[in-house]
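One structure below.
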Amino acid sequence: MDKLASFVKSKEGLAMQNELGDIYVVELTNKNVDDHDLSIFKQPCANEITYLSLNGTQVTDEGISKLASLHRLDDLDLGYTNISGNGFAKLEFESLKKLSLRGCEKLTIIGFKEIIKCRNLEKLNLIESNIDDLFLSEIAKLPKLKTLWADCTKITNDGLPFLNGMTQLISFSSRETAVTREGMLQLLQHLPDLNQEFIM
Numbered sequence: 335m336d337k338l339a340s341f342v343k344s345k346e347g348l349a350m351q352n353e354l355g356d357i358y359v360v361e362l363t364n365k366n367v368d369d370h371d372l373s374i375f376k377q378p379c380a381n382e383i384t385y386l387s388l389n390g391t392q393v394t395d396e397g398i399s400k401l402a403s404l405h406r407l408d409d410l411d412l413g414y415t416n417i418s419g420n421g422f423a424k425l426e427f428e429s430l431k432k433l434s435l436r437g438c439e440k441l442t443i444i445g446f447k448e449i450i451k452c453r454n455l456e457k458l459n460l461i462e463s464n465i466d467d468l469f470l471s472e473i474a475k476l477p478k479l480k481t482l483w484a485d486c487t488k489i490t491n492d493g494l495p496f497l498n499g500m501t502q503l504i505s506f507s508s509r510e511t512a513v514t515r516e517g518m519l520q521l522l523q524h525l526p527d528l529n530q531e532f533i534m
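For the sequence shown, the working numbering assigns the number 335 to the initial residue and increments by one for each residue that follows.
Shown next, in the form of C-alpha cells:
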C-alpha cells in the first residue's frame, strides 16, 4: 500500500484506484484533515487524482496551496471549509471543471479573483456561501461556466446584469435569495438558453 492509500485509510476516508492501480478518487468529507495533512498530495502517488473532496475538513488557504501538483484534478470539493480563496494564488488547475465552495462563509473578493483563474471551470457550487452581487462580477469572467448554483446567498437582482454576457451559461439556481422572478426574466432576455426549470 502506497503512502496516499495509507493516509486515506488512516483518516477513514475512501480511495478508488483505476485499472493501473493509481488512486484517482479521494473522498475525505468530514474527516479530521488539516493543512499539515495535505502535504501527502505533493507525493508522486497523488498525481493521477481527478476527484478530491475535503468538504467539512479543517483545511485553510495555506493548505490548499499544497495541491499544486494535482494537474489531472477536474472535480474539487472544498465545501464548508474556512478558505477565503487566497490559497488558489499558487495553483494552476487547468483541468478543473467542477468546484464546490458550498457553505464557505469566509470567501473574499480578493481571494475569489484567484479562484476564477481556473478558466476551464464549467460547474461552480456556491450554495450557502457568503457571496453577494460583487462576486457575480468576477464569476462573469469564467468563459466556460455552464452551471452556477447560488442558492441561499446574498445575491440580488442588482447583480444579475453582470451575467448578461455569459452566453455559455445554461443552468443558474438562485433559490432563497433576493433575486425575483422579474430579475430572472430580465436575465433571460440576454440568456434565452438558460434552463427554464430555474425560473421561480
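Where is the CB? At the ideal position from N, CA and C, for every residue including glycine. Only a predicted model underlies this, so the values are computations on that prediction, with no experimental measurement involved.
Straight-line Cα distance separating residue j from residue i
i, j, result
"Ile465", "Phe506", "15 Å"
"Lys480", "Lys457", "6 Å"
"Leu468", "Gly355", "44 Å"
"Val360", "Glu516", "42 Å"
"Val367", "Leu338", "13 Å"
"Glu346", "Lys365", "7 Å"
"Glu382", "Arg509", "36 Å"
"Gln377", "Asn459", "28 Å"
"Thr511", "Cys486", "5 Å"
"Lys424", "Trp483", "25 Å"
"Gln392", "His370", "10 Å"
Continuous beta strand (DSSP E) stretch holding residue i: start and end
i, result
"Leu482", "481-483"
"Glu361", "357-361"
8 Å contact criterion, which residue i and residue j should meet: CB distance rounded
i, j, result
"Glu462", "Asn420", "Glu462 to Asn420, Cβ: 21 Å. No contact."
"Ile417", "Lys400", "Contact doesn't hold; Cβ gap of about 13 Å is too wide."
"Phe375", "Leu410", "The pair is not a contact, with the Cβ atoms about 11 Å apart (cut-off 8 Å)."
"Gly413", "Leu386", "Their Cβ separation, rounded to whole angstroms, is 12 Å, which puts Gly413 and Leu386 out of contact at 8 Å."
"Leu522", "Leu528", "6 Å"
Span of the alpha helix (DSSP H) around residue i
i, result
"Glu349", "Sequence check: residue 349 is Ala here, not Glu. Premise fails: Ala349 lies in the beta strand (DSSP E), 348-351, not in any alpha helix (DSSP H)."
"Ala339", "337-344"
"Leu468", "467-473"
- Counting only runs that start and end within the segment 495-526, where is the beta strand (DSSP E) found for 3 or more residues in a row? 505-507
- Inspect the CB distances between the segment 491-511 and the segment 470-483 and report whether three or more fall short of 8 Å. yes
- Task: For the segment 373-459, list the beta strand (DSSP E) runs that are entirely contained and at least 3 residues long, ordered along the chain.
- Result: 385-387, 409-411, 432-434, 457-459
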